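2 protein chains.
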Amino acid sequence: MALKAALEEHDFRSDCSIARTLEIVGDKWTLLIVRDLMWHGKHTFQALQGSAETMPTNILSDRLRRLQAWGLVEKRPYQERPVRYEYRLTAEGRTMEPVLKQIMRWGHENLGGGFHDIAG
Amino acid sequence: MALKAALEEHDFRSDCSIARTLEIVGDKWTLLIVRDLMWHGKHTFQALQGSAETMPTNILSDRLRRLQAWGLVEKRPYQERPVRYEYRLTAEGRTMEPVLKQIMRWGHENLGGGFHDIAG
Chain A
693 MALKAALEEH DFRSDCSIAR TLEIVGDKWT LLIVRDLMWH GKHTFQALQG
743 SAETMPTNIL SDRLRRLQAW GLVEKRPYQE RPVRYEYRLT AEGRTMEPVL
793 KQIMRWGHEN LGGGFHDIAG
Chain B
693 MALKAALEEH DFRSDCSIAR TLEIVGDKWT LLIVRDLMWH GKHTFQALQG
743 SAETMPTNIL SDRLRRLQAW GLVEKRPYQE RPVRYEYRLT AEGRTMEPVL
793 KQIMRWGHEN LGGGFHDIAG
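Chains A and B are the protein sequences, given in the same order. Taken in order, the first sequence gives residues 693 to 812; the numbers are from the numbering used here. Taken in order, the second sequence gives residues 693 to 812; the numbers are from the numbering used here.
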């Protein structure tokens, strides 16, 4: 698997599972991309850029590349002439859903944010 | 409550609960401080600095200040002459435990990180 391969090449700063996870998604933006791919049907660069948080282009590119390098997202052509790409969570990427939900719950209960009711 | 007061002064980038939470803890370090205060009995600046991830001093100061500003951590003197301070999670800070656990679980299952068995 891509995630396994990335793991072998990476030297984590500690053995702590939290510290390791934050090396991949510990910033203000990455989990918003995962959110948009997971729940909001945003699969093109343009759609991802159009979210309410207006992610800067360079940050979006960088984070998508990182998510791909970790095997959590894959980029694939969905149209030819001109070729256009879409981004999809891999099976490993989808395993982040409980993390998203827990963070959402906290923000909803403590920061007055919205609650996205996930079917299924 | 301090968290409520901070909320009233802050203009979040969106209504999304995840985006809001990440404005406070979305970086590589903040949740490690919460982890150390929550589970590892590290309550002084020096103890927090001594964690395996060797957090840079300026980042540790900055993140502790931010956690205090949000009412998630409080700083209080535990000794006089010379006065020394300790950091403690507030009741609101402690509500982050399920978030930490879920992130830990993900890192354990996917990144080969350790698992901290929380009593209680």
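Every residue gets a Cβ at the ideal spot worked out from N, C-alpha and C, and that includes glycine. In this text, all values refer to a predicted model and were calculated from it rather than measured experimentally.
Through-space distance from T782(A) to A694(A), alpha-carbon basis: Computed Cα separation, rounded: 10 Å.
Beta-carbon proximity of I725(B) to L699(B), cut-off 8 Å: no
Of the residues S706(B), R705(B), I710(B), E701(B), the one placed nearest G799(A), counting alpha carbons only: I710(B)
K696(A): first and last residue of the uninterrupted alpha helix (DSSP H) it sits in: 694-701
Same chain only: Cβ atoms within 8 Å of M796(B), ignoring 5 sequence neighbours per side: G805, F807, H808
CB of K842(A) within 8 Å of CB of E701(B), strictly: For residue 842(A) there is no data in the structure shown, the boundaries of chain A being 693 and 812.
Distance between L764(B) and M730(B) (C-alpha atoms, nearest Å): Approximately 11 Å between the Cα atoms of the pair.
4-residue-minimum alpha helix (DSSP H) runs that sit fully inside the stretch 740-782 of chain B, ordered along the chain: 749-761
Within chain A, partners of E715(B) - CB distance below 7 Å: K720
Coil, strand or helix - G733(B) by DSSP: Residue state, collapsed to three classes: coil.
Contact with chain B by D707(A), beta-carbon distance below 8 Å: yes
C-beta neighbour in chain B for E745(A), strict 8 Å: yes
Identified DSSP bridge partners for G806(A): C708(B)
Residues from the stretch 775-805 of chain B in contact with chain A, defined by Cβ distance under 9 Å: E784, T787, M788, P790, V791, L792, K793, Q794, I795, M796, R797, W798, G799, H800, E801, N802, L803, G804, G805
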